[in-house]
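Engineer:
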Amino acid sequence: MSVVAAFLYHEGKRLRPVTLIDPACEHIAKDDFVWIGLSQPTETELADIAGNYGLHPLAVEDAGNGHQISKLDVYGDQLCIVARTAHLEGDHIAYGSTAIFLGKSFLITVRQGSARSHSELRAHLEITPELLREGPDYVLHAILDFIVDGYFPIVEAIEEDVLKMEQRMLAAFLTREEVTRIFTLRRELVRFQRVLGPMLEVGRKLVNLQLPRLDEASKPYFRDLLDHMLRVESAITGIRDILISVFEASHLLEQQRQGAITRQLAAWAAILAVPTAIAGIYGMNFENMPELKTQWGYFVILGVIAAVCIGLYIRFKRSHWL
Amino acid sequence: MSVVAAFLYHEGKRLRPVTLIDPACEHIAKDDFVWIGLSQPTETELADIAGNYGLHPLAVEDAGNGHQISKLDVYGDQLCIVARTAHLEGDHIAYGSTAIFLGKSFLITVRQGSARSHSELRAHLEITPELLREGPDYVLHAILDFIVDGYFPIVEAIEEDVLKMEQRMLAAFLTREEVTRIFTLRRELVRFQRVLGPMLEVGRKLVNLQLPRLDEASKPYFRDLLDHMLRVESAITGIRDILISVFEASHLLEQQRQGAITRQLAAWAAILAVPTAIAGIYGMNFENMPELKTQWGYFVILGVIAAVCIGLYIRFKRSHWL
Amino acid sequence: MSVVAAFLYHEGKRLRPVTLIDPACEHIAKDDFVWIGLSQPTETELADIAGNYGLHPLAVEDAGNGHQISKLDVYGDQLCIVARTAHLEGDHIAYGSTAIFLGKSFLITVRQGSARSHSELRAHLEITPELLREGPDYVLHAILDFIVDGYFPIVEAIEEDVLKMEQRMLAAFLTREEVTRIFTLRRELVRFQRVLGPMLEVGRKLVNLQLPRLDEASKPYFRDLLDHMLRVESAITGIRDILISVFEASHLLEQQRQGAITRQLAAWAAILAVPTAIAGIYGMNFENMPELKTQWGYFVILGVIAAVCIGLYIRFKRSHWL
Amino acid sequence: MSVVAAFLYHEGKRLRPVTLIDPACEHIAKDDFVWIGLSQPTETELADIAGNYGLHPLAVEDAGNGHQISKLDVYGDQLCIVARTAHLEGDHIAYGSTAIFLGKSFLITVRQGSARSHSELRAHLEITPELLREGPDYVLHAILDFIVDGYFPIVEAIEEDVLKMEQRMLAAFLTREEVTRIFTLRRELVRFQRVLGPMLEVGRKLVNLQLPRLDEASKPYFRDLLDHMLRVESAITGIRDILISVFEASHLLEQQRQGAITRQLAAWAAILAVPTAIAGIYGMNFENMPELKTQWGYFVILGVIAAVCIGLYIRFKRSHWL
Amino acid sequence: MSVVAAFLYHEGKRLRPVTLIDPACEHIAKDDFVWIGLSQPTETELADIAGNYGLHPLAVEDAGNGHQISKLDVYGDQLCIVARTAHLEGDHIAYGSTAIFLGKSFLITVRQGSARSHSELRAHLEITPELLREGPDYVLHAILDFIVDGYFPIVEAIEEDVLKMEQRMLAAFLTREEVTRIFTLRRELVRFQRVLGPMLEVGRKLVNLQLPRLDEASKPYFRDLLDHMLRVESAITGIRDILISVFEASHLLEQQRQGAITRQLAAWAAILAVPTAIAGIYGMNFENMPELKTQWGYFVILGVIAAVCIGLYIRFKRSHWL
Ligand SMILES: [Mg+2]
Ligand SMILES: [Mg+2]
Ligand SMILES: [Mg+2]
Ligand SMILES: [Mg+2]
Ligand SMILES: [Mg+2]
Ligand SMILES: [Mg+2]
Ligand SMILES: [Mg+2]
Ligand SMILES: [Mg+2]
Ligand SMILES: [Mg+2]
Ligand SMILES: [Mg+2]
Ligand SMILES: [Mg+2]
Ligand SMILES: [Mg+2]
Ligand SMILES: [Mg+2]
Ligand SMILES: [Mg+2]
Ligand SMILES: [Mg+2]
Ligand SMILES: [Mg+2]
Ligand SMILES: [Mg+2]
Ligand SMILES: [Mg+2]
Ligand SMILES: [Mg+2]
Ligand SMILES: [Mg+2]
Ligand SMILES: [Mg+2]
Ligand SMILES: [Mg+2]
Ligand SMILES: [Mg+2]
Ligand SMILES: [Mg+2]
Ligand SMILES: [Mg+2]
Ligand SMILES: [Mg+2]
Ligand SMILES: [Mg+2]
Ligand SMILES: [Mg+2]
Ligand SMILES: [Mg+2]
Ligand SMILES: [Mg+2]
Ligand SMILES: [Mg+2]
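Residue numbers (our numbering), protein chains in the order written: chain Z, 2 to 323; chain S, 2 to 323; chain Y, 2 to 323; chain X, 2 to 323; chain L, 2 to 323.
#1: Looking only at DSSP bridge pairs, what is residue 79 of chain Y linked to?
#2: Do residue 283 of chain X and residue 302 of chain X have their CB atoms nearer than 8 Å?
#3: Assuming contact is defined by CB atoms lying nearer than 8 Å, are residue 246 of chain L and residue 188 of chain X in contact in what I supplied?
#4: Say whether the stretch 178–197 of chain Z touches the stretch 77–97 of chain Z, bearing in mind that this needs 3 or more beta-carbon pairs closer than 8 Å, one atom from each stretch.
#5: Could you tell me how far apart the beta carbons of residue 50 of chain Y and residue 109 of chain Y are, in whole angstroms, since I believe they sit closer than 8 Å?
#6: Mapping DSSP to helix, strand and coil, what is residue 326 of chain L?
#7: Could you spell out where the beta strand (DSSP E) holding residue 102 of chain L opens and where it closes?
#8: Report all residues from its chain with a CB closer than 7 Å to the CB of residue 134 of chain S; omit the five preceding and five following residues, and keep chain order.
#9: So which residues on chain L does residue 243 of chain Y lean against when the C-beta distance must stay under 8 Å?
#10: With which residues is residue 10 of chain Y paired in a DSSP beta bridge?
#11: Suppose contacts are defined by Cβ-Cβ distances below 8 Å. Is residue 179 of chain L in contact with residue 243 of chain L by that definition?
#12: DSSP three-state label for residue 287 of chain X, please.
#13: Using a beta-carbon distance below 8 Å, is residue 267 of chain Z in contact with chain S?
#14: Taking all protein chains shown into account, do 16 or more other C-beta atoms lie within 10 angstroms of the C-beta of residue 209 of chain Y, making it buried, or fewer, making it exposed?
#15: Output, in chain order, the set of chain L residues within a Cβ distance shorter than 8 Å of residue 286 of chain X.
#16: Are the beta-carbon atoms belonging to residue 182 of chain L and residue 239 of chain Y less than 8 Å from one another?
#17: At what residues does the alpha helix (DSSP H) containing residue 119 of chain L begin and finish?
#18: Beta-carbon separation of residue 299 of chain X and residue 300 of chain L under 8 Å?
#19: Beta-carbon of residue 1 of chain S versus every beta-carbon of chain Y: anything under 8 Å?
#20: Return the Cβ separation of residue 274 of chain X and residue 273 of chain Z in integer angstroms, given the expectation that the two are a contact with Cβ distance under 8 Å.
#21: Check each residue of the stretch 289–308 of chain L: if its Cβ is closer than 9 Å to any Cβ of chain Y, include it; give the result in chain order.
#22: Below 8 Å on C-beta distance, what does residue 59 of chain Z contact in chain X?
#23: How do the stretch 37–45 of chain Z and the stretch 68–83 of chain Z stand: do at least 3 beta-carbon pairs fall below 8 Å, yes or no?
#24: I need the DSSP call for residue 214 of chain S, collapsed to helix, strand or coil.
#25: If you follow the alpha helix (DSSP H) that residue 44 of chain L is in, where does it begin and where does it stop?
#26: What does residue 276 of chain X reach in chain L if we use C-beta pairs closer than 7 Å?
#27: Give a yes or no on whether the minimum CB-CB distance between residue 54 of chain L and chain Y is below 8 Å.
#28: Residue 18 of chain S: buried (16+ other C-beta within 10 angstroms of its C-beta) or exposed?
#29: Along the chain, which unbroken stretches of the beta strand (DSSP E) at least 3 residues long are found entirely within the stretch 170–254 of chain L?
#30: Rounding to the nearest angstrom, what Cα-Cα distance links residue 237 of chain L and residue 157 of chain L in this structure?
#31: Classify residue 257 of chain Z: buried if its beta carbon has 16 or more other beta carbons within 10 angstroms, exposed otherwise.
#32: How would you call residue 173 of chain S, buried or exposed, if buried means at least 16 neighbouring beta carbons within 10 angstroms?
#33: Check whether the Cβ atoms of residue 46 of chain X and residue 21 of chain X lie closer than 8 Å to each other.
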């Protein structure tokens, strides 16, 4: 599945399909534009489209690489943006990348390992021609917005997991499995944050720099996009803070628990050592041990043992060792 | 409760009420202005007012979102500011947002989930027309100042809690409940600090940038506003530093306590093991154990046991293990 | 005690006293200037002087607030600087603030909760008219220098305390009281550092910005002032580093000590458990225990016990457990 | 092995060999250039080439130093770049440095302690004259790209090691050898990151500054180079985050394990102390101990001991101490 | 020892000695210059030279202060640089300062508490007149280079110490003395880093700012100087990283060791508690204990005890507790 869709748009409406090597873009009317969507294209397809639309070889190389970090490059009067996409695969976050080429009258997207197709987005834009009429820079915004919208459910899923861990930590002591899970979550978060960093850089460039192919009227849309990215970043930082809290609290609570158990152990050891020590003395085999011959010696000693044990118990209870 | 108040002001005095779709703002005199206050408006109301005053759709979207982070956007010659509001709900901080649109002759506020109405502020300004005469940029300052003033009682409440925890930590050892409470406080603080960050950004823009709709004469007021925000931030950083101190001190004190108890446990175990070991020897049943037959053997052994135990006790006392 | 001193200066010499509402400053010669010193003035006094010298209401508000953080504000052609003062009150640092208004031909200081009066400084300047002749910007420098000089004894007192703690930590183990004291010191330091931050900001503005009322010739003096502030900051950072070292070293040393004691405890427990276990066996009451009837059984067993105990002792000694 | 290769290039093709003191570069055609490769040259060779090509003495000094950190210096209309090279030597990373001089019509490289020769790279460029025709700035890019490409296998080798450690940490407890290995890895990483920092600085200068001898057309290539460096840096940061995770998790897991063992120890100590204490009592030698004479006393006591031990066992089992 | 050397230089060669109050500098030829070296001068000498060469009082004050942090100040067309010097005094680093005044035709150095005299440097420059002919800015570079060169042996000495500590940590457990030594080293390093910070600032100003008295031709020399400073800083950061590693590894290894010992202790306690408990039971004095009367009871019990103990031993051995 290589060419997903390729059409020429006129006044916000789909006019006709185009091919990759269609010399269309040179003869089309001002404000008309071609929007081509590729997914994991072959090297040949990439070379065809690069030749036809005059794409820079280095930009094409980036488009062919599924692990390219997000970036925005200007080549003459063309713009090449690579955006990292993200989606959940079971417990962990999988990443892809989407390269977007924006030229005089074309917009080309190249998706690599990205799970969410742009078909729905294209359909949505085609039924609102007043938006599509804004030109390819509006489509650029729509695609980036689509990618960033894909970050939110991921953040929410992780947040839910983390809050659950926090609840468990406050209610009980963490098991080895839970500690492991928290570390896995933290790694996913740290990695996501590192993926987000260059995306924010791209967003800031779109807002602050004077770039070719972007109308002044599109600036508010890119500001809005940056705002969404910042919201994702703020959420992630929030979750990381909770994770750090969970760890530190867990460390302190475990330390307290260890202390409490040591005190309990010490208290019971002391209580049980008393009868052993005293009884040991009266278990000696000396011939002349006057107490042994008394009528009530045994009962007195039993009483002494009980008294000392109970006394110790009360004292430990009072000092909260027991 | 949607439209809270909507009036036209002339020379600092309330002239007459206006409606959302009143085409008033086009025919009013220079220096006159409309001040409209909305609270959780419906989508229709937002659309009406956006149409009548020419508000940008993206700004209107932000105004409709109660979780928007603080921001300042320029749309042509209009200014749109979103400020996060905060109030205490029981033990934790609840957040809302207030969007403020500032145009040629109007100021519109849209509150979402914010607990404190602007009615009192409006009344206060209406009785001091010399201030209101400064125009909508002065009102903008007054509203932002009102929002920032709302941060102070929150900070003070948390500070009181934290200082109480610090006192308890220095006086005794923290309970599990107290550790948990400290972590909750820290989370609230970290979150508040994250809310405050973008607000400071807005304040800095109001002070440093050349913005439409703001007279030079209003700059000192925004500088003062920024100063108040910085005071809140400084207070929060101070509280966080105390919290960090409480944790680290608690960690070290607990570690010391654990050490002290281990030493005590070791000392008593040694003292009690002595009679057990010695008595064990004289509890053996060998036929030829000369000491057992002596007249004073028992008493000598009792003395030896007492002497060793007391000797150990003194030694442990001297080395501060007991 | 509100108006501390108020005089008109001509060519570096005191000419005559002035009152707060003296319309003097409008008729005085070029290069003449008024220097007024207030301490905790009443609201009326502040209003009088603000009216007479055209001070901005927001600046006057700051001057009336004893907890204002340091700042430098330009109001038209006037300069308003707030500087935090500090002095030791017993064990902790007390803070005040001094607002300084610098106008065309006046310098006004408003002290709030600041312990050190400017009288001595004024006297010192009055006997060196060649300095005072430099004008009010030189006086501004002198006052700020005076305030910053007040920081040094505080830093030195704390440094002494901290170095004492470090000595104790290296020589022995910290007591609970010492840990508590260190935390108090650290809090004072962190707070001082937060007070110093905005002061440095003020210093940097005086050095780097083109500000009204400051001659080019005064720049080296403000650079020197900034330099002194940086020296205070460098000293504080140094002390904090020592404090952090003390904590971490204390943590590690306590952990080592705990380990050493655990090993000692284990060693003695093992040594004492041996006679208990062996003697326990020969304390059993079986009728057929041949060893019990031998002539030297008891002595052999005593020897065995002694041998095992001494053997263990030597082994533990060798592995440095004892 | 000093002069590795030295040729004059014309229209992207090798024309003829040159010597170090060949006065060639003054008479060659525009767009022709000399490419000289030296490896650990003698002082004389460096002096010769410096004299012939007008290299600055400080730049030559840097080229002679194998421990020079990466840098980019402009000397008049010449460019001198030093890049650190890296290769694996067994378990650890070995570093070298390559100095590159770029002048009007020459490119000179001086390798010091760098393991990978440029011969293959030169051969590759010579068979694609359309690239070599771009001039010495293209060759500069190719060499730097070659050096940065050499970083990737190192990062991958370390990443593999670290992931293995992470697996082991999650599956079991780390041995002393593993802890040591992790620290060695971390040191290597931290050092590599410190080597990378100045390289990134060089990359940023090549992209952002207006530098002599670099055509505008070469900018995309240096942007691509910077991008590769950033990818290396991102990978290293990722590995460091994992290492930090491994440490913290290991700390927490070890703490939990310690707690679990303490609880187990306490439980068994309690269970075994019961028969010792009870039996001790009935081992006393009082003459009047009525229980001793009963028919079933012994069996009752055995039952009591068993009951208490089993009861304790169940209770400890339930509270997860055992 | 106050005036170390004071000469007039002409075309790079020493012409004649000068005095501090020699009105020489006004009448000397263009490109001639005076180089005066002072060490711990008296206040009078400083005043003399300040008067004769028009030095700013604030700069002179800095020159008289041995604890001045590094700085670069411009006074009109004069340059005043203070550089911190460092040398080893036994185990710790001692600091001094050298102030350098650079004017139209003079260079004056004032050393305070700095151990290394400039005599050798002056001699070296005087025999290479082609360097000295570059003028006083070249001499400024040479002196700063000399000071920075003095940092390297210090860094190397500390590095050696730290690497030794690392070896010991990996080979065994740290003693209290070693922990203390590491903390001392760390403090020295942190302090050195704080001394280095302002020096780097000076270096960056010399490279980046347009400063009076410095020819364009001297820029590469100051770049080279900055480069050397950065190398020192990089080395220090490297050593600090190792120190941090040593601490953290030591913490983790000690924690592991503590765990291992606790497990060993628990295992032996369990093994020894078995004979005690069993023998205790057969040491009871019940009249009806059938086992006691059997022929082989004693030996059976001895066997049971041995079996349980050996069983436990094997089990503990297998689970690596022993
Ligand atoms: Mg963090
Ligand atoms: Mg954080
Ligand atoms: Mg934190
Ligand atoms: Mg954090
Ligand atoms: Mg952290
Ligand atoms: Mg920790
Ligand atoms: Mg810890
Ligand atoms: Mg802090
Ligand atoms: Mg801190
Ligand atoms: Mg903090
Ligand atoms: Mg902090
Ligand atoms: Mg921290
Ligand atoms: Mg610090
Ligand atoms: Mg520090
Ligand atoms: Mg540190
Ligand atoms: Mg620090
Ligand atoms: Mg800290
Ligand atoms: Mg640290
Ligand atoms: Mg810290
Ligand atoms: Mg720790
Ligand atoms: Mg890190
Ligand atoms: Mg990290
Ligand atoms: Mg982290
Ligand atoms: Mg990190
Ligand atoms: Mg860290
Ligand atoms: Mg550090
Ligand atoms: Mg570091
Ligand atoms: Mg680190
Ligand atoms: Mg570090
Ligand atoms: Mg730590
Ligand atoms: Mg710990």
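All C-beta atoms, glycine included, are put in the ideal place defined by N, C-alpha and C.
The structure presented is a predicted model; accordingly, all values stated were derived computationally and were not measured.
Structural biologist: On the basis of the coordinates in this document:
#1: Looking up residue 79 of chain Y in the third sequence gives position 78. Residue pairing of residue 79 of chain Y in beta bridges, as defined by DSSP: Y:76.
#2: The residue given as residue 283 of chain X occupies position 282 in the fourth sequence. The residue given as residue 302 of chain X occupies position 301 in the fourth sequence. Note that the C-beta distance between residue 283 of chain X and residue 302 of chain X is below 8 Å.
#3: The residue given as residue 246 of chain L occupies position 245 in the fifth sequence. The residue given as residue 188 of chain X occupies position 187 in the fourth sequence. Yes, Cβ-Cβ distance for residue 246 of chain L and residue 188 of chain X is below 8 Å.
#4: Three or more pairs of CB atoms, one per stretch, sit closer than 8 Å, so the stretch 178–197 of chain Z contacts the stretch 77–97 of chain Z.
#5: The residue labelled residue 50 of chain Y in the question sits at position 49 within the third sequence. The residue labelled residue 109 of chain Y in the question sits at position 108 within the third sequence. Yes, residue 50 of chain Y and residue 109 of chain Y are in contact; Cβ-Cβ is about 6 Å, under 8 Å.
#6: The structure shown has nothing for residue 326 of chain L, since chain L only spans 2 to 323.
#7: Mapped onto the fifth sequence, residue 102 of chain L falls at position 101. From DSSP, the beta strand (DSSP E) with residue 102 of chain L extends over 93–104.
#8: Residue 134 of chain S sits at position 133 when you count from the first residue of the second sequence. Scanning its chain for C-beta atoms nearer than 7 Å, with the 5 sequence neighbours on each side dropped, one finds around residue 134 of chain S the residues 12, 13, in chain order.
#9: On the third sequence, residue 243 of chain Y is found 242 positions in, with the first residue counted as 1. Near residue 243 of chain Y (Cβ distances below 8 Å), the residues of chain L are 188.
#10: The residue labelled residue 10 of chain Y in the question sits at position 9 within the third sequence. Looking at the DSSP assignment, residue 10 of chain Y forms a beta bridge with Y:15, Y:34.
#11: Counting from one through the fifth sequence, the residue named residue 179 of chain L turns up at place 178. Counting from one through the fifth sequence, the residue named residue 243 of chain L turns up at place 242. No, they are not a contact pair.
#12: Here residue 287 of chain X refers to the residue found at position 286 when the fourth sequence is read from its first residue. Residue 287 of chain X: coil per DSSP, three-state reduction.
#13: By one-based count along the first sequence, residue 267 of chain Z stands at place 266. Residue 267 of chain Z counts as touching chain S.
#14: In the third sequence, residue 209 of chain Y corresponds to position 208, counting from 1. Looking at its Cβ environment, which holds fewer than 16 other Cβ atoms inside 10 Å, residue 209 of chain Y is exposed.
#15: Translated into the one-based positions of the fourth sequence, residue 286 of chain X becomes position 285. Residues of chain L passing the Cβ test: 286.
#16: Along the fifth sequence, one-based indexing puts residue 182 of chain L at 181. Along the third sequence, one-based indexing puts residue 239 of chain Y at 238. Cβ distance not < 8 Å, so residue 182 of chain L and residue 239 of chain Y don't count as in contact.
#17: The residue you call residue 119 of chain L lines up with position 118 of the fifth sequence. First-last for residue 119 of chain L: undefined, no H or E at that position.
#18: In the fourth sequence, counting from the first residue as 1, residue 299 of chain X sits at position 298. In the fifth sequence, counting from the first residue as 1, residue 300 of chain L sits at position 299. Taking 8 Å as the Cβ cut-off, residue 299 of chain X and residue 300 of chain L do not qualify as a contacting pair.
#19: Here chain S covers residues 2 to 323 and nothing more, so residue 1 of chain S does not appear.
#20: Taking the fourth sequence and counting its residues from 1, the one referred to as residue 274 of chain X is at position 273. Taking the first sequence and counting its residues from 1, the one referred to as residue 273 of chain Z is at position 272. Going by Cβ atoms, the distance from residue 274 of chain X to residue 273 of chain Z rounds to 4 Å, so yes, they are a contact pair.
#21: Those would be 290, 292, 293, 294, 295, 296, 297, 298, 299, 300, 302, 303, 306, in chain order.
#22: Against the first sequence, residue 59 of chain Z aligns to sequence position 58. What residue 59 of chain Z touches in chain X: 221, 222, 224, 225.
#23: Verdict: no, contact absent.
#24: The sequence position of residue 214 of chain S within the second sequence is 213, counting from 1. Three-state result, residue 214 of chain S: coil.
#25: Here residue 44 of chain L corresponds to residue number 43 of the fifth sequence, with the count starting at 1. Unbroken alpha helix (DSSP H) run through residue 44 of chain L: 44–54.
#26: In the fourth sequence, counting from the first residue as 1, residue 276 of chain X sits at position 275. Within chain L, the residues near residue 276 of chain X are 278, 281, 282.
#27: Counted from its first residue, the fifth sequence places residue 54 of chain L at position 53. So no, residue 54 of chain L is outside the interface.
#28: On the second sequence, residue 18 of chain S is found 17 positions in, with the first residue counted as 1. Burial call: exposed.
#29: None, since the stretch 170–254 of chain L contains no complete beta strand (DSSP E) of that length.
#30: Indexing the fifth sequence from 1 puts residue 237 of chain L at position 236. Indexing the fifth sequence from 1 puts residue 157 of chain L at position 156. C-alpha separation (whole angstroms): 9 Å.
#31: Your numbering for residue 257 of chain Z matches position 256 in the first sequence. By the Cβ-count criterion, residue 257 of chain Z is buried, with 16 or more other Cβ atoms from all chains shown falling within 10 Å of its own Cβ.
#32: For the purposes of this step, residue 173 of chain S is taken as the residue at position 172 of the second sequence. Result: exposed.
#33: Working through the fourth sequence from its first residue, we reach residue 46 of chain X at position 45. Working through the fourth sequence from its first residue, we reach residue 21 of chain X at position 20. Between residue 46 of chain X and residue 21 of chain X, the C-beta spacing is below 8 Å.
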